[in-house]
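Just so we're aligned, residue 2 is where the sequence shown starts under this note's numbering, counting upward by one.
The structure under discussion appears below in the form of structure tokens.
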Amino acid sequence: MGGYGHRNMYYLTGLPGWIRFGYSPGWGGLPPGAQYLSQTGQLPQFMAWMQQRAPQAPMGVSAAPAGMTKEQEIQALEAQLDWIKRRLEELKK
């Protein structure tokens, strides 16, 4: 069946078949993508990229201890307010 355009069907992506079809040979115990990354030495770079995309703590979470006095809490809130005002001014520029 030559000449019907199917000759180069498996060479379109440039990826090995076990990545394209999700098949893992089974002796590594890792999923195909993870096995490929570890074999090519790209796993540390991939993990660093994943950690960059990790969500940050929400604004309501405080790093201060729970036993703050009212004066300390007022100072912390004023510092937050100053920071927010500076950030708004930067964004307006």
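We put the CB at the ideal spot given by N, CA and C, even for glycine.
Item                                                                                                               : Value
Rounded separation between Ser-39 and Pro-45 - CA only                                                             : 8 Å
Close-in-space but distant-in-sequence residues of the same chain around Leu-82 (CB under 6 Å, 5 per side omitted) : none
Cβ shell of Met-69 (< 6 Å), same chain only, five flanking positions each side left out                            : none
Start-to-end residues for the alpha helix (DSSP H) that takes in Lys-86                                            : 71 to 93
Where Gln-40 falls: helix, strand or coil (DSSP)                                                                   : helix
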